Ligand SMILES: [Zn+2]
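In our numbering, the protein residues as written are 28 to 481.
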């Protein structure tokens with residue numbers, strides 16, 4: 028390093044230090060007090076009446092029945108509503124929307140037709156729609172072009188716009204082609220499969236791919252376990268898991284065959300994505316090992332699904348629940364068509380409406396509301412590996428919460444109509460109407476480590 032470089036580095040350090048100092052939390056963070064008519068704890072499946080939640084800045088300070096409301100606090104009266112933690116979609120795709128026109132639902136074409144910047148803007152819109160429906164955390168697991176998912180994470184964390192906390196996977200890692208079956212021309216000459224997948228066939232390539240995703244902002248890693256008949260071995264999967272752990276990431280395996288499921292389980296994977304290929308024996312082993320299931324349990328509606336497939340999905344979800352697999356609520360939503368309209372109003376369903384509509388499958392499987400609530404909150408935070416930061420309404424955690432009319436512990440449909448949403452201590456929605464002004468900023472208002480908030 029020469030003298031000039033040293034001077035430059037020192038200058039840069041000084042600049043960074045002063046920037047960090049400028050972003051230190053203000054001396055007196057605003058205090059908010061929420062009066063909750065009922066407060067649900069999904070962990071225990073219980074509710075407490077007339078609770079007060081004190082929030083200081085972005086975080087929860089105290090929760091209880093007899094709390095004194097500090098002078099000067101901004102009081103939010105939700106005494107007629109049920110307050111609960113925000114919802115989690117544990118497997119979704121924010122930056123891909125394949126359509127009947129022009130792709131004929133053939134998602135090979137989506138990434139050719141839609142640029143990554145366009146897809147990133149779709150992701151921003153989808154994030155706002157999901158937050159409006161009460162989803163404060165999502166796991167966004169691939170098919171996001173050239174890292175639209177980590178860009179969305181970064182934009183929300185920096186404070187450009189509102190949205191859920193995004194746990195992105197970066198680019199899906201698989202053997203050559205990923206989920207695609209490219210022609211030689213696509214693969215060798217034009218690279219027309221990429222950036223949807225990272226090819227990683229050897230151990231060196233697996234390590235490199237995992238590191239690359241983490242470098243570019245992934246908080247989880249997604250592997251195609253068995254997208255090809257040769258797929259990943261137990262040893263390959265174990266290597267990905269140990270490499271991901273170095274960057275604080277857990278691994279999800281996309282699984283589509285019983286053999287692939289078994290290899291993922293044997294390797295000790297953290298989450299299995301898609302429940303279709305799982306047998307009762309897999310469920311038994313997953314329960315024993317505590318492996319999360321993101322079943323992506325598609326309901327049968329006029330815009331998606333078929334009756335036979337739905338019956339099978341319902342039966343598998345039911346069996347997984349009976350065997351006590353740690354279940355998460357997950358959708359795999361990545362499509363749109365002309366029929367996605369509300370039957371009563373004839374209006375387009377939002378991305379949030381479409382997401383929460385997956386409750387139909389859980390209801391058809393006769394899963395008790397308290398267990399559905401646990402899946403769509405607590406298990407989601409655990410699967411996203413953020414439960415120590417946010418999720419439960421407990422002192423010290425980020426103030427993310429929602430409020431609904433009625434009692435979701437007895438009628439799960441209550442969560443379809445979210446009246447109030449708070450994210451990081453800021454009100455995003457009140458009286459059933461979005462009020463996101465405070466979330467829009469002309470610059471990055473939060474970026475303590477320069478890129479991400481963690
Ligand atoms: Zn998916």
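Ideal Cβ positions, reconstructed from N, Cα and C, are used throughout, including at glycine.
Given the structure is predicted, the values throughout are model-derived calculations rather than measurements.
Worksheet item: Helix or strand or just coil, what does DSSP make of residue 430?
Response: In this structure, DSSP gives residue 430 an extended state, which the three-state scheme calls strand.
Discussion item. Which same chain residues end up closer than 6 Å to residue 173 when comparing Cβ atoms and leaving out the 5 residues on each side of it in sequence?
Written reply: Result list for residue 173: 143, 222, in chain order.
Worksheet item: When DSSP labels each residue in this structure, what does residue 250 get in the three-state scheme?
Response: If DSSP states are grouped into helix, strand and coil, residue 250 belongs with the strands.
Worksheet entry | Sequence-distant residues of its chain with Cβ nearer than 6 Å to residue 175 (five each side left out) | For residue 175, where only same-chain residues beyond five positions count, the Cβ hits under 6 Å are 122, 143, 146, 147, 150.
Worksheet item: Can we say the region 108-128 touches the region 155-173, given the rule of at least three CB pairs closer than 8 Å?
Response: Taking 8 Å as the limit for Cβ pairs, the verdict is that the region 155-173 does touch the region 108-128.
Discussion item. Taking the beta carbon of residue 366 as the centre, do at least 16 other beta carbons fall within 10 Å, making it buried, or is it exposed?
Written reply: So residue 366 ends up on the exposed side.
Worksheet entry | Unbroken stretches of the alpha helix (DSSP H), 4 residues or longer, contained in the region 291-374 | Within the region 291-374, the complete alpha helix (DSSP H) runs of at least 4 residues fall at 307-316, 334-349.
Item to complete: Could you name the residues of the same chain whose beta carbon sits closer than 6 Å to that of residue 418, not counting the 5 residues immediately before and after it, in chain order?
Response: Excluding positions up to five away in sequence, the list reads 112, 408.
Worksheet entry | Which listed residue (369, 317, 461) has its alpha carbon closest to that of residue 294 | Here the closest residue by C-alpha is 317.
Practice prompt. Could you check the C-alpha separation between residue 385 and residue 98 for me, to the nearest Å?
Written response: C-alpha of residue 385 to C-alpha of residue 98: approximately 43 Å in a straight line.
Worksheet entry | Simplified DSSP state of residue 467, which is helix, strand or coil | Correct three-state label for residue 467: coil.
Worksheet item: With a CB to CB cut of under 8 Å and the five nearest residues on each side skipped, what residues in its chain are close to residue 44?
Response: Unreliable positioning characterises residue 44 in this predicted model, as indicated by a pLDDT of 45, which lies under 50. The coordinate reading is nonetheless provided below. Nothing meets the Cβ criterion.
Practice prompt. Go through its chain and collect everything with a Cβ distance to residue 314's Cβ below 6 Å, but skip five positions before and after it.
Written response: Correct list, in chain order: 350, 351, 352.
Item to complete: Kindly give me the distance between the Cβ atoms of residue 163 and residue 114, rounded to whole angstroms, as I take these residues to be in contact under 8 Å.
Response: The pair is a contact, with the Cβ atoms about 7 Å apart (cut-off 8 Å).
Fill in: Counterpart residues of residue 127 in DSSP-defined beta bridges
Looking at the DSSP assignment, residue 127 forms no beta bridge with any residue, so it has no partner.
Fill in: Range covered by the beta strand (DSSP E) that runs through residue 64
58-68 is the extent of the beta strand (DSSP E) around residue 64.
Item to complete: Would you kindly report the start and end of the unbroken beta strand (DSSP E) that includes residue 406?
Response: Element bounds for residue 406: not the beta strand (DSSP E) but the alpha helix (DSSP H), 405-410.
Discussion item. If you measure between the beta carbons of residue 456 and residue 466, is that distance less than 8 Å?
Written reply: Taking 8 Å as the Cβ cut-off, residue 456 and residue 466 do not qualify as a contacting pair.
Item to complete: Flag this pair as yes or no: are the beta carbons of residue 426 and residue 110 separated by less than 8 Å?
Response: No, they are not a contact pair.
Item to complete: Flag this pair as yes or no: are the beta carbons of residue 224 and residue 243 separated by less than 8 Å?
Response: It is not a contact, given that the beta carbons lie outside the stated cut-off.
Fill in: residue 363 versus residue 64 - alpha carbon distance
Approximately 37 Å, taken between the alpha carbons.
Item to complete: Alpha carbon to alpha carbon, how far is residue 415 from residue 49? Give it in angstroms, no decimals.
Response: The predicted position of residue 49 is uncertain, since its pLDDT is 43 and thus under 50; no value can be drawn from it.
Worksheet item: Taking contact to mean at least 3 C-beta pairs separated by less than 8 Å, is the region 187-195 in contact with the region 211-220?
Response: The count of Cβ pairs closer than 8 Å, one atom from the region 187-195 and one from the region 211-220, stays below three, leaving the stretches out of contact.
Worksheet item: Which one of 66, 84, 75, 80 has the shortest CA to CA distance from residue 58?
Response: The alpha carbon of residue 58 has as its nearest neighbour, out of 66, 84, 75, 80, the alpha carbon of 84.
Fill in: Nearest-angstrom Cα separation, counted from residue 167 out to residue 485
As displayed, the chain neither begins before 28 nor continues past 481, which places residue 485 out of reach and without an answer.
Worksheet item: In chain order, which beta strand (DSSP E) runs of at least 3 residues are fully inside the region 177-230?
Response: Within the region 177-230, the complete beta strand (DSSP E) runs of at least 3 residues are 192-195, 199-201, 224-226.
Worksheet item: From residue 161 to residue 319, what does the alpha carbon distance come to, in whole angstroms?
Response: Near 22 Å, if we compare the C-alpha coordinates of residue 319 and residue 161.
Worksheet item: Which residues in the same chain as residue 392 place their Cβ atom closer than 7 Å to its Cβ, once the five residues preceding and following it in sequence are excluded?
Response: Within the same chain, 341, 344, 345, 348 come within 7 Å of residue 392 by CB-CB distance, once the 5 residues on both sides are set aside.
Fill in: Spatial neighbours of residue 309 in its chain, beta-carbon cut-off 6 Å, leaving aside the 5 residues before and after
Result list for residue 309: 288, in chain order.
Worksheet item: Can you round the beta-carbon distance between residue 388 and residue 325 to whole angstroms, since I take them to be within the 8 Å contact cut?
Response: Right, the Cβ-Cβ distance comes to about 7 Å (below 8 Å), so this counts as a contact.
Discussion item. Would the region 272-285 count as touching the region 295-303 if we require 3 or more Cβ pairs under 8 Å?
Written reply: Counting C-beta pairs with one atom in each stretch, the region 272-285 and the region 295-303 have three or more that are closer than 8 Å, which means they touch.
Item to complete: Find out if the Cβ-Cβ distance for the pair residue 127, residue 140 is shorter than 8 Å.
Response: The Cβ-Cβ distance between residue 127 and residue 140 does not fall below 8 Å.
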